[in-house]
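Heads up, the final residue of the sequence shown is numbered 126 in UniProt numbering, and it's a clean run with no missing numbers.
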Amino acid sequence: MTIKPRKRLKRDVPDALAVPEAPNITWSMDFMADRLEDGRAFRLLNVLDDFNREGLGIEVDFSLPAERVIRSLNNIIEWRGKPKTIRVDNCPEYVSQALLDWAEEHGIALAHIQPGQPQQNAYIER
């Protein structure tokens with residue numbers, strides 16, 4: 001019996017993670033999750049400025065749909081100004097039509113990382 005060797009897929013080399021030259025050029029967003037002692041899960045939305053790794057916002061709740069993400073971003077933009085780009089992964093809240101429409105309306109580009117490549121969002125994944 002012989003086993004065929006696996007052929008590795010050749011992947012494109014991803015672009016290097018750009019280092020912003022000033023605040024409010026690129027923000028990163030990501031979710032974290034944990035459980036309470038009684039077993040109920042909760043989520044945390046984290047927003048970070050990639051230039052100085054300043055934590056711009058943390059939203060905590062049992063459910064954080066796209067509308068809550070948008071409300072949190074609007075609150076941050078009120079006091080901080082808007083970024084040119086927000087780097088996100090591909091979770092449902094970040095690919096929702098509501099968030100895509102909001103970003104287009106505000107002139108903010110959403111940069112989705114490749115699925116399964118959290119290192120492409122390294123500023124917030126550390």
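Think of the CB as a built atom: it goes at the ideal place given N, C-alpha and C, for glycine as much as any other residue.
- Taken in chain order, the complete beta strand (DSSP E) segments of 3 or more residues contained in the UniProt domain "Integrase catalytic" (19-126) are 26-35, 41-49, 54-61, 85-88 and 109-112.
- Comparing alpha carbon positions, the residue from LEU110, HIS106 and ASN90 closest to GLY81 is HIS106.
- Nearest C-alpha to ASN90 among ALA98, PRO115 and TRP79: PRO115.
- Here LEU56 has TRP27, VAL47, LEU48, ASP49, ILE76 and ARG80 as same chain residues with Cβ atoms under 8 Å from its own Cβ, once five neighbours each way along the sequence are excluded.
- Note that the C-beta distance between ASN121 and ASP30 is below 8 Å.
- If you draw a 10 Å sphere on the C-beta of ALA103, you find 16 or more other C-beta atoms in it, and that means buried.
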